[in-house]
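Chains as they are written, first to last, in the numbering used here: chain A, 8 to 150; chain B, 8 to 150. Working notes, structure below.
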DNA sequence: CTTGTTGTAATAAAGAAGGTTACAACACGC
DNA sequence: GCGTGTTGTAACCTTCTTTATTACAACAAG
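Here's what the structure looks like:
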């Protein structure tokens, strides 16, 4: 199992929006060229980021811009925007046998623990701001 | 995105092995009946748990047993056994444009952060032992 | 040697991810 | 108003992953 590349792609997009602000119009095809995926994928991802209130997208004229201070955007915000935030982290096998003492209780026994795992992952994602990624990028570009 | 049900299934299997120890022979079809999946799935999962040194499986005669003290088996051990532990947690979009300053650096900027997320998840999984799940289960069965 | 079991291959079905084409709706410059 | 470039979206396809299922050789014990 693996998470899709949507989070990395979304981060790439946001970094581009910041990096090219005022220099280039960040259209879906411009971004597609940097990310190296299909422009439609960019438009879908931008749509998700827009719905989450992270970016503004100019319909018609084209181009996207940040809707919030990069210090107020965390990896968790981006993750929730592009990976379906409503589904469980772990799929559960369906209909364990209720006639079995284990089958009757696994769900109750595991659910809380798996929720803790999800929470740990979310906390870790929340600890990273877009601003810190920008700082890292600028630093790497200078050297 | 979602993790497969392999971890929940593996936990269910291990709980059954403990719960029915000395009472029933935990064959793949016996376990399949409790978990409510195909016996072949059980055999494959048991094979992964065996390869990870967590259980013994009796070829021919049938049945499985724990290979370690339940207090020494963590959710991380089980997770690593049944989910491929060698792949990255997040897939990365391939070949970002090296002619772009962002494309050139995203990988270096994100890799460390995503590794931190994985570590947080692993720490959280490591914090749960099979023994604690057994205790939970016994408690729930009593009431 | 019969019986029940494991290990494993082969195949199928269903779902998710990403690619691609197509086109209506939109906003701006002229 | 009209052409141009862009976004939003639908539709379809391919590939990969997950799970189910059938089949059968290898194995252990009575």
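Every residue gets a Cβ at the ideal spot worked out from N, C-alpha and C, and that includes glycine. Remember, predicted model here, so these are calculated numbers, not experimental data.
Grab me the residues of residue i's own chain with a C-beta within less than 6 Å of its C-beta, minus the 5 sequence neighbours each way, in chain order.
| i | result |
| --- | --- |
| residue 86/B | 14, 132 |
| residue 46/B | 35, 36, 39 |
| residue 113/A | 103 |
If we ignore side chains and look at the alpha-carbon of each, how far apart do residue i and residue j end up?
| i | j | result |
| --- | --- | --- |
| residue 170/B | residue 118/A | There is no way to answer for residue 170/B, as the model of chain B reaches only from 8 to 150. |
| residue 56/B | residue 130/A | 30 Å |
| residue 33/B | residue 62/B | 12 Å |
| residue 22/B | residue 94/B | 27 Å |
| residue 39/B | residue 66/B | 17 Å |
| residue 16/A | residue 116/A | 36 Å |
| residue 79/A | residue 58/A | 16 Å |
| residue 145/A | residue 75/B | 50 Å |
| residue 105/B | residue 41/A | 8 Å |
| residue 91/B | residue 8/A | 7 Å |
| residue 83/B | residue 143/A | 31 Å |
| residue 138/B | residue 109/A | 14 Å |
| residue 101/A | residue 124/B | 28 Å |
If you count every other CB in all the chains shown that lies within 10 Å of the CB of residue i, and 16 or more means buried, which is it?
| i | result |
| --- | --- |
| residue 26/B | buried |
| residue 69/B | exposed |
| residue 107/A | buried |
| residue 29/B | exposed |
Bridge partners of residue i, per DSSP?
| i | result |
| --- | --- |
| residue 62/B | 73/B |
| residue 52/A | Answer is none; residue 52/A lacks a bridge partner. |
| residue 81/A | 136/A |
| residue 10/A | 97/B |
Taking 8 Å as the limit between beta carbons, can you name the residues of its chain near residue i, skipping five residues before and five after?
| i | result |
| --- | --- |
| residue 54/B | 64 |
| residue 121/A | 95, 96, 97 |
Just to confirm before moving on: does the CB-CB distance between residue i and residue j stay below 8 Å?
| i | j | result |
| --- | --- | --- |
| residue 103/A | residue 43/B | yes |
| residue 72/B | residue 24/B | yes |
| residue 99/A | residue 12/B | yes |
| residue 89/B | residue 136/B | no |
| residue 127/B | residue 128/A | yes |
Within the same chain, show all residues whose beta-carbon is closer than 7 Å to that of residue i, passing over the 5 residues directly before and after it, in chain order.
| i | result |
| --- | --- |
| residue 50/A | 35 |
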